[in-house]
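Per this note's numbering: the sequence shown = residues 4 to 401. Note that CB positions come from ideal geometry on N, CA and C, so glycine has one too.
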Amino acid sequence: MRLRRKNVLVGISAGIAAYKIPVLIRLLKKEGAEVRVITTSEAQNFVTPLTLSTLSGNPVLSEFYDKNGSWNNHVELALWSDIFLLAPATLNTLAKMAHGICDNLLLATYFSMKKGKIYFAPAMDLDMYKHDSTTKNIQMLIKTGAVELPAQNGKLASGLSGFGRMMEPSEIIQKIIDHQLDNLPLKGQKCLVSAGPTYEPIDPVRYIGNYSSGKMGVAIANALFNKGASVTLVHGPIDKNLVLSGLELRPIQSAEEMQFAMEAEFDKADIVIMAAAVADYRPKNVGQEKMKKSKTEISLELVKNPDILLNLGKRKKSQILVGFALETQDEFENAKKKMIGKNLDFIVVNNPKNEGAGFEHNTNQVSIIFPNDKIKEVPKSQKSEIAEIIVDEIVALK
Ligand code: CTP
């Protein structure tokens with residue numbers, strides 16, 4: 004599932020290699036991609052829309068207008084695509100892409116692409132492929148950031164042999180996955196994340212704690228890892244099954260242990276996110292033996308725990324530092340004070356009183372506050388989705 008949650012648009016132009024695209028679509032789906040297909044109208048002579056729509060699970064588009072008169076929105080398609088794979092890419096389509104000619108839906112979508120990555124797999128006869136103008140067009144497309152999946156040597160539909168065969172579907176997919184991994188936005192970045200509650204011991208069998216599940220912090224750590232970062236997760240008691248394998252784990256119990264672990268890693272880190280629900284106080288005296296029940300009333304004397312994030316903020320050099328704020332009233336004013344006081348690049352505020360927000364849920368509802376007073380409201384969503392949004396904001400700061 005190496006293309007999980009990726010939106011892949013497959014653009015088919017009219018070459019005999021189009022017959023291999025159903026296999027390519029199956030392999031994309033197997034890797035977890037969401038697939039949509041557009042074709043030139045001629046391409047449908049080589050592969051049927053019914054096959055393509057059945058395998059992709061989506062209608063196949065080729066004209067600007069459907070038979071029923073509705074408009075196929077190429078801008079929406081382009082924005083939807085994380086990856087636009089043109090396969091097979093014929094001489095004609097490559098030439099139009101290189102020279103700004105836009106006479107079909109496939110090309111209009113290509114020219115509307117913004118953030119998504121473009122891959123193209125040329126397929127044509129050998130003399131067409133090695134023609135000067137094809138070479139120049141391919142070079143022009145590569146210069147714009149598109150990635151060529153070069154044609155291979157072998158037997159061609161014309162009966163001739165040479166370079167011009169479309170790369171095999173399995174190899175196309177491997178090349179795309181390798182390229183995506185090499186170009187992840189946080190590749191080479193070291194991230195340090197804290198998650199979960201801290202448990203402050205009273206005696207060998209009792210503690211003061213809170214209801215934090217650590218799900219939000221773990222989701223952020225996972226999202227950073229999926230963007231190519233190496234991630235160290237300093238965590239209190241949490242469900243470790245939620246953590247992706249590949250993360251470095253530093254289990255701790257108390258706030259003081261968390262502080263020690265965070266400070267040990269802080270100087271090496273590029274990005275630090277403090278999502279843990281640190282207990283603000285701890286028992287002043289920790290019993291060496293189990294406390295016996297004798298008196299009808301007892302009191303526990305508590306002392307303040309270190310503010311881990313405040314101290315990290317003071318030590319901050321070039322790190323991106325992000326904190327959370329849990330507020331049940333005056334959310335924005337209180338969170339802003341924390342952001343400034345703790346020297347943060349932004350702060351994520353949540354109010355556990357909101358429906359579907361807070362500690363034990365799989366969902367949350369947050370606002371992200373930036374030092375320039377910009378506020379990004381994130382409606383109630385899965386914690387994994389919120390983590391993606393938070394990580395996107397971090398990537399934007401890089
Ligand atoms: N935090 C921390 N160390 C503490 C307490 C909090 O590092 N001892 C961090 C939290 O992980 C969070 C941010 O500081 O990223 C804000 O935590 P929050 O509990 O909302 O606020 P506090 O600073 O503890 O202030 P208060 O409890 O008074 O609202």
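What is the DSSP secondary structure of residue i, counted as helix, strand or coil?
{"i": "Gly-165", "result": "strand"}
{"i": "Met-277", "result": "strand"}
{"i": "Leu-303", "result": "coil"}
{"i": "Thr-147", "result": "coil"}
{"i": "Ile-28", "result": "helix"}
{"i": "Asn-48", "result": "helix"}
{"i": "Ala-267", "result": "helix"}
{"i": "Asn-229", "result": "helix"}
{"i": "Glu-203", "result": "strand"}
{"i": "Leu-88", "result": "strand"}
{"i": "Gly-3", "result": "Nothing in the structure corresponds to residue 3, since the chain is present only between 4 and 401."}
{"i": "Ser-197", "result": "strand"}
{"i": "Phe-327", "result": "strand"}
{"i": "Leu-6", "result": "coil"}
{"i": "Glu-37", "result": "strand"}
{"i": "Ile-176", "result": "helix"}
{"i": "Thr-42", "result": "strand"}
{"i": "Val-63", "result": "strand"}
{"i": "Glu-358", "result": "coil"}
{"i": "Ile-121", "result": "strand"}
{"i": "Asn-353", "result": "strand"}
By how many angstroms is the C-alpha of residue j removed from the C-alpha of residue i?
{"i": "Glu-336", "j": "Val-394", "result": "24 angstroms"}
{"i": "Pro-200", "j": "Ile-392", "result": "23 angstroms"}
{"i": "Met-131", "j": "Ser-387", "result": "48 angstroms"}
{"i": "Gly-18", "j": "Leu-227", "result": "40 angstroms"}
{"i": "Glu-34", "j": "Ile-343", "result": "43 angstroms"}
{"i": "Pro-286", "j": "Pro-240", "result": "19 angstroms"}
{"i": "Phe-373", "j": "Glu-334", "result": "14 angstroms"}
{"i": "Pro-254", "j": "Met-219", "result": "16 angstroms"}
{"i": "Asp-185", "j": "Gly-72", "result": "43 angstroms"}
{"i": "Glu-330", "j": "Ser-197", "result": "19 angstroms"}
{"i": "Gln-256", "j": "Val-234", "result": "20 angstroms"}
{"i": "Trp-83", "j": "His-77", "result": "10 angstroms"}
{"i": "Asp-106", "j": "Met-100", "result": "10 angstroms"}
{"i": "Arg-318", "j": "His-238", "result": "21 angstroms"}
So, using beta-carbon positions, are residue i and residue j closer together than 8 angstroms?
{"i": "Phe-87", "j": "Asn-75", "result": "no"}
{"i": "Phe-114", "j": "Ala-149", "result": "no"}
{"i": "Leu-55", "j": "Pro-25", "result": "yes"}
{"i": "Ala-224", "j": "Val-246", "result": "yes"}
{"i": "Gln-332", "j": "Asn-353", "result": "no"}
{"i": "Gly-326", "j": "Met-277", "result": "yes"}
{"i": "Pro-309", "j": "Glu-259", "result": "yes"}
{"i": "Val-11", "j": "Leu-31", "result": "yes"}
{"i": "Ile-323", "j": "Met-265", "result": "no"}
{"i": "Val-289", "j": "Ile-211", "result": "no"}
{"i": "Ala-126", "j": "Ala-20", "result": "yes"}
{"i": "Ser-16", "j": "Pro-91", "result": "yes"}
{"i": "Ala-232", "j": "Ile-179", "result": "no"}
{"i": "Ser-164", "j": "Asp-128", "result": "no"}
{"i": "Ile-41", "j": "Leu-108", "result": "yes"}
{"i": "Ile-389", "j": "Lys-379", "result": "no"}
{"i": "Ala-280", "j": "Ser-215", "result": "yes"}
Would you decide whether residue i is buried or exposed? Buried here means 16 or more other CB atoms lie within 10 Å of its CB.
{"i": "Asp-3", "result": "No statement about residue 3 is possible, as the shown extent of the chain runs from 4 to 401 and does not include it."}
{"i": "Lys-2", "result": "As shown, the chain starts at 4 and ends at 401. That puts residue 2 outside it, with no answer to give."}
{"i": "Gly-191", "result": "exposed"}
{"i": "Gly-249", "result": "exposed"}
{"i": "Tyr-202", "result": "buried"}
{"i": "Lys-271", "result": "exposed"}
{"i": "Pro-172", "result": "buried"}
{"i": "Met-170", "result": "buried"}
{"i": "Ser-321", "result": "exposed"}
{"i": "Thr-147", "result": "exposed"}
{"i": "Met-4", "result": "exposed"}
Could you tell me which residues DSSP pairs with residue i in its beta bridges?
{"i": "Arg-253", "result": "Val-237"}
{"i": "Asn-156", "result": "Phe-166"}
{"i": "Gln-385", "result": "Thr-366"}
{"i": "Trp-74", "result": "Tyr-68"}
{"i": "Leu-12", "result": "Arg-39 and Phe-87"}
Output yes if chain C places a C-beta closer than 8 angstroms to the C-beta of residue i; else output no.
{"i": "Gly-326", "result": "As a matter of chain content, chain C is missing from the structure shown, which is built from one protein chain."}
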